[in-house]
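Position one of the sequence shown corresponds to residue 1 (the UniProt record's numbering), numbered consecutively onward.
Accompanying notes for the structure given below.
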Amino acid sequence: MSSALYERIKSNKFTSNGEYKNLKYGICEMQGWRNEMEDSNCVFKSQSDQDEWSFYAVFDGHGGSFSSKMSSEYLWGQIYQEMLENSSRNRNDSKNSFRLNSLSPEEIINSVKNGFYTFDRKLLERVKSLNYEDKSGTTVIAALITINYIYLINCGDSRGILVRDNQIEINTFDHKPTQLKERQRIQNAGGLVALNRVNGGLATSRGLGDFDYKNIPNLDQNKQFVTCEPDVYVSKRSLNDRYLVLACDGIWDVLDNESVKNLIDQKLQTTNINNENFVELLSEDLVLKSFEKGSKDNMSAVIIYFSQKMNKTTTTNNNKIDESLQHSARGIRKESSLNSRSDLSQSSNNIKKISSAVFGKK
Numbered sequence: 001m002s003s004a005l006y007e008r009i010k011s012n013k014f015t016s017n018g019e020y021k022n023l024k025y026g027i028c029e030m031q032g033w034r035n036e037m038e039d040s041n042c043v044f045k046s047q048s049d050q051d052e053w054s055f056y057a058v059f060d061g062h063g064g065s066f067s068s069k070m071s072s073e074y075l076w077g078q079i080y081q082e083m084l085e086n087s088s089r090n091r092n093d094s095k096n097s098f099r100l101n102s103l104s105p106e107e108i109i110n111s112v113k114n115g116f117y118t119f120d121r122k123l124l125e126r127v128k129s130l131n132y133e134d135k136s137g138t139t140v141i142a143a144l145i146t147i148n149y150i151y152l153i154n155c156g157d158s159r160g161i162l163v164r165d166n167q168i169e170i171n172t173f174d175h176k177p178t179q180l181k182e183r184q185r186i187q188n189a190g191g192l193v194a195l196n197r198v199n200g201g202l203a204t205s206r207g208l209g210d211f212d213y214k215n216i217p218n219l220d221q222n223k224q225f226v227t228c229e230p231d232v233y234v235s236k237r238s239l240n241d242r243y244l245v246l247a248c249d250g251i252w253d254v255l256d257n258e259s260v261k262n263l264i265d266q267k268l269q270t271t272n273i274n275n276e277n278f279v280e281l282l283s284e285d286l287v288l289k290s291f292e293k294g295s296k297d298n299m300s301a302v303i304i305y306f307s308q309k310m311n312k313t314t315t316t317n318n319n320k321i322d323e324s325l326q327h328s329a330r331g332i333r334k335e336s337s338l339n340s341r342s343d344l345s346q347s348s349n350n351i352k353k354i355s356s357a358v359f360g361k362k
C-alpha cells in the first residue's frame, strides 16, 4: 500500500461541533477502507427554555446505508411522539403543554422501547414499498440528556460510555449472538449461531432493519432472531459528569473502554477547552487513532462534554440512582447529520412525525 493512498483515505473525514446549554459536542466520521459510508448520526435539541433536553446518536449501518439514514432522520421523532402520547394518556397533557422532563424515568424508558418497536414496523412498511430490495440494517447507540438524567440507549454492537470523576460510570453491553441471552433468543426462534453470527450471517443480534432476520410468523418483535429492542441505562446527572462517548464498532474493535478514556483524558490535559471546536478535535483524534490502530470499518464517534457545573438545585440527592430506578434499569436489560450536512435541531412543538415521513406523505 502506498503512503499516498493511506493519507488520502485518512484525510477523507468529516467533522462538526455544537453546543446546548452546558453541553458541548463534537462529531467525526470517516469512511475508511470501506467502499461506502454506511454510518449516520444525528443531534436533536429542544428549543424551549421550559423543557431542556438533547438527543445524540450514532447509527452503524450494514448492507447499505438506507436503514441508518432513515433512522438518523426519523427515529427520534417516533420516540418523542411516544413520549407525547404517554403524557397525554397519563396526565391529559396537550401537545402544547407537554414537557419531556415531566415524565418519570420509567415512562421515558417505555417510550424509548415503544419508539424503537413502532419505528421498525414502519421501516418495514417502507421496505415493502421498495419490493424488499433493501436488505440493510443498523445498530443504534444514543444518549438522551434531560435536566436531571442521562439515558444511554443501545441496540446492537456499537457502544457508549459515561465518564464521571475519573472512572467509567456506565458502559453499554454489546449485543453479539455469542452472548448467552442473545443465543438463547436466536435458538428459541429456531435459529442458530454459526461462525459467531446469527444463522451464520449477521454479526450483531439486535438492530433496526435486517428484516430477513425478523420474518418468523406470529412471533413478537422481541423474540425474533434479531430484535430491535434496546437496552436503556439510566443515571441521575452529577456535578462530576465529565463526558459521554458514542461510537460504532469501527472504534471499539481496535480500542477498549479504558483506551478510549485514556486517549480523551490525555488530550484534555493539553487542550484549550475555551476553543469552541475542542470537542470536535477530541472526536477527530479518536477516529484517527482507530484508523491508525488498523480499523478497516467505517468509523464514527460523537463526544458530549459537560462543560459547566450543573445548577446545584437540580442535583440535590442526585448522587445515586434510587432503588426503584435501579430496579427498572435492570428490568430493561438489564449538530447535524454529517451525511446530510443539515441542521437537525428541533423545538418541542415541531418534531417531524414518523408516520408522515416514512410513507412520504405531506
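C-beta: ideal position from N, C-alpha, C; glycine also.
query, result
"Beta-ladder partner(s) of Trp53, from DSSP", "Thr146"
"Close Cβ partners of Phe225 (< 6 angstroms) along its chain, the five nearest in sequence each way excluded", "Ile186, Ala189, Gly191, Val198, Tyr213"
"With 16 other Cβ atoms within 10 Å as the buried cut-off, status of Ala4", "exposed"
"Cα-Cα separation, Phe291 to Thr204", "22 angstroms"
"Spatial distance of Asp253 from Phe14 (CA atoms)", "21 angstroms"
"Alpha-carbon spacing of Phe119 relative to Asn298, whole angstroms", "24 angstroms"
"Stretch pair the segment 49-60 + the segment 135-146: three plus CB contacts closer than 8 angstroms", "yes"
"Assumed close pair Tyr149, Val234 - CB separation to whole angstroms, cut-off 8 angstroms", "6 angstroms"
"Separation of Val232 from Gly160, as counted between CA atoms", "11 angstroms"
"Spatially closest choice to Lys261 from Ser300, Gly294, Leu208, Asn166, by CA coordinates", "Asn166"
"Runs of alpha helix (DSSP H) wholly within the segment 166-238 (minimum 4 residues, chain order)", "180-188"
"Where Leu130 falls, given that 16 or more other Cβ within 10 Å makes a residue buried", "exposed"
"Tyr151 (DSSP reduced to helix, strand or coil)", "strand"
"Burial state of Ser65 (16 or more Cβ within 10 Å)", "buried"
"Cβ-Cβ distance between Ile273 and Ser307 below 9 angstroms", "yes"
"Expected contact under 8 angstroms - CB spacing of Val193 and Pro217 to nearest Å", "About 22 angstroms separates the two Cβ atoms, so there is no contact after all."
"Span of the beta strand (DSSP E) around Gly160", "159-164"
"Proximal residues to Arg242 (C-beta, below 7 angstroms), its chain only, five neighbours per side dropped", "Val163, Arg164, Phe306"
"Any non-hydrogen atom of the ligand SAH within 8 angstroms of Leu286 CB", "Within the structure as shown, the ligand SAH is missing, as the structure has no ligands at all."
"Residue range of the unbroken beta strand (DSSP E) whose run includes Glu19", "13-20"
"Between the CA atoms of Val140 and Lys10 - distance to the nearest angstrom", "25 angstroms"
"Secondary structure of Val254, DSSP reduced to three states", "coil"
"Start-to-end residues for the alpha helix (DSSP H) that takes in Asn110", "105-129"
"Rounded Cβ spacing between Gly250 and Ser67 (contact assumed at less than 8 angstroms)", "With a Cβ gap of about 17 angstroms, Gly250 and Ser67 do not count as contacting."
"Identity of the residues DSSP links to residue 415 by a beta bridge", "This structure cannot speak to residue 415, because the chain is shown only from 1 to 362."
"Cross-strand partners of Val245 (DSSP beta bridge)", "Ile161, Ile303"
"Proximity to Ser300 [Cα-Cα], best of Arg34, Asn240, Arg8", "Arg34"
"C-alpha distance - Tyr6 paired with Gly32, whole-angstrom precision", "10 angstroms"
"Cβ distance (whole Å) where Gly115 is taken to contact Glu82 below 8 angstroms", "4 angstroms"
"CB contact flag (Leu103, Ser97, <9 angstroms)", "no"
"Cβ shell of Asn222 (< 7 angstroms), same chain only, five flanking positions each side left out", "Glu229"
"Bounding residues of the alpha helix (DSSP H) (the contiguous stretch that carries Glu284)", "278-292"
"Residue burial classification, Tyr132 (beta-carbon count within 10 angstroms, cutoff 16)", "exposed"
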